[in-house]
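S.K.: The numbering used here applies: residue 36 is where the sequence shown begins, and numbers increase by one.
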Amino acid sequence: MLIAKKKERENIAEYILYLFQIEDVVRSFKFDLDEIMEVFVSPNLPDSSFKGQYRKWYQEIITEMKSAHLQKKGHLDRVMEIFRELAFLHNTLLTLEKESKYKTLCENASSFIPEFRAKSGMKNNHDVEVIIHAMYMKLQLRIRGKEITAETEEAFDAMRIQVAFLVREYHKMKSGDYSFIQN
36 MLIAKKKERE
46 NIAEYILYLF
56 QIEDVVRSFK
66 FDLDEIMEVF
76 VSPNLPDSSF
86 KGQYRKWYQE
96 IITEMKSAHL
106 QKKGHLDRVM
116 EIFRELAFLH
126 NTLLTLEKES
136 KYKTLCENAS
146 SFIPEFRAKS
156 GMKNNHDVEV
166 IIHAMYMKLQ
176 LRIRGKEITA
186 ETEEAFDAMR
196 IQVAFLVREY
206 HKMKSGDYSF
216 IQN
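#1: Between the Cα of MET194 and the Cα atoms of ILE167, LYS107, ASN159, ASP59, which residue gives the shortest distance?
#2: What did DSSP end up calling LEU110 once you bin it into helix, strand or coil?
#3: Using only CA atoms, which one of MET172, PHE191, LEU68 lies nearest to SER155?
#4: Exposed or buried, ILE216, counting other C-beta atoms within 10 Å across all chains shown (16 or more means buried)?
#5: Exposed or buried, what is GLN197 when buried is set at 16 or more other beta-carbons lying within 10 Å of its beta-carbon?
#6: Sort SER210, VAL61, LEU176, ILE178 by Cα distance to TYR93 and report the nearest one.
#7: Who are the Cβ neighbours of PRO81 in its own chain at under 7 Å, not counting the five residues just before and after it?
#8: Going by the beta-carbon positions, is the gap between GLU58 and LEU111 smaller than 8 Å?
#9: Is the segment 172–184 in contact with the segment 118–126, if contact means three or more CB pairs nearer than 8 Å?
#10: Would you mind stating whether ILE51 and VAL114 have Cβ atoms separated by less than 8 Å?
#11: Below 8 Å on the Cβ atoms is my contact criterion, and I expect VAL202 with ALA48 to pass it. Report the Cβ-Cβ distance as a whole number of Å.
#12: Pull up the CB-CB distance for GLU164 and MET157, whole angstroms please, since I reckon it's below 8 Å.
#13: Assuming PHE118 and ILE97 make a contact with CB atoms under 8 Å, what is their CB distance in whole Å?
#14: What residue does the alpha helix (DSSP H) around LEU37 start on, and which one ends it?
#15: Determine the closest residue to MET100 out of PHE55, PHE147, TYR205, ASN160, with distance taken between C-alpha atoms.
#16: Straight-line CA distance for LYS108 to ARG44?
This is the structure in structure tokens:
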């Protein structure tokens, strides 16, 4: 919960990846809040005074996932809303703003997206969503200690750089430091 709030303020892509992990944790514990708290949350708390806050936060996540029928797959509405904002910003940077640096970063990553899209079954998803899922795949590979080939690392890097630029612009937009009208 505290980590999520910090990531949401500082790096929206990391926030999404963190929520992906939380969704996976909730599913792996079969939506059992007591088990999540006992096995996953409590051992990692720096101070037991946070236990109530974390319990409430996980309960909200569980309730949201159940009400949206996300027991097997899918993402929280809060994640999907951010994807919509990022997709809008992505499209804006490419069309209205004619942001040449971002356009170049997109071109660099574009050759890798179709293959990942096909392998992950995300044929109808926006490029930004596909790229963030690729970043989650990389995280999962690292956690599991799997080797990442040089080719795959090159693909991940191109996509990571594109997302990093988009995230920077997203935080500018959300803070009010960025106006599409001024440019």
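Don't be surprised by glycine CBs; every beta carbon is placed ideally from N, CA and C.
Bear in mind the structure is a predicted one, so any value in this text is a computation, not a measurement.
M.R.: If we stick to the structure as given:
#1: ILE167
#2: In the sequence as displayed, the identity of residue 110 is His instead of Leu. Three-state result, HIS110: coil.
#3: MET172
#4: Its pLDDT being 47, under 50, ILE216 is placed unreliably in this model, and the coordinates cannot settle the point.
#5: buried
#6: Measuring from the Cα of TYR93, the nearest candidate turns out to be VAL61.
#7: none
#8: Their beta carbons are under 8 Å apart, which means GLU58 touches LEU111 by this criterion.
#9: The segment 172–184 vs the segment 118–126: no contact.
#10: Yes, the Cβ-Cβ distance between ILE51 and VAL114 is below 8 Å.
#11: 5 Å
#12: 7 Å
#13: That belief does not hold up - the Cβ atoms of PHE118 and ILE97 are roughly 21 Å apart, past 8 Å.
#14: 37–45
#15: PHE55
#16: Cα-Cα distance, rounded: 26 Å.
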